[in-house]
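Asker: Residue numbers (my numbering): 1006 to 1081.
Built from N, CA and C at the ideal position, the CB exists for glycine as well.
Remember, it's a predicted structure, so these values are computed and weren't measured experimentally.
1. Where DSSP assigns a beta bridge to residue 1024, which residues make up the other side?
2. Counting along the chain, where does the alpha helix (DSSP H) carrying residue 1058 start and finish?
3. Looking at the unbroken beta strand (DSSP E) that takes in residue 1072, where does it start and where does it end?
4. In terms of alpha-carbon separation, which member of 1040, 1032 and 1054 lies closest to residue 1025?
5. Count the other C-beta atoms from every protein chain shown that fall within 10 angstroms of the C-beta of residue 1019, then say buried if there are 16 or more, exposed otherwise.
6. Do residue 1022 and the ligand COA come close, with the Cβ less than 7 Å from some heavy atom?
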């Protein structure tokens, strides 16, 4: 999950795997695959960075636990 901020300052988390698109016109908006649209304070580049960091963290945890083809701890 990534944390983003509504225009009123309230933070909430969204699942980045369910984001369909991110727009900036001029406010940034995150549109989910179900059509729900959230207007947020973060700019598009910041949201992309948050998603990249989240995915890197997921891969790092999987690697630590030997899960997947890159995992070092699994037996074959």
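Answerer: The short version:
1. Here residue 1024 corresponds to residue number 19 of the chain shown, with the count starting at 1. DSSP lists 1037 as partners of residue 1024.
2. As a working mapping, residue 1058 is identified with position 53 in the chain shown. Note, residue 1058: alpha helix (DSSP H), 1049 to 1069.
3. The residue labelled residue 1072 in the question sits at position 67 within the chain shown. That residue, residue 1072, is in no beta strand (DSSP E); it is neither H nor E in DSSP.
4. As a first step, residue 1025 must be located in the chain shown, where it is residue number 20. The shortest Cα separation from residue 1025 among 1040, 1032 and 1054 belongs to 1040.
5. For this step, residue 1019 is matched to residue 14 along the chain shown. Classification of residue 1019: buried, given that the 10 Å Cβ count is 16 or more.
6. For the structure depicted, the ligand COA is absent and the ligand set is empty, with no information on it obtainable.
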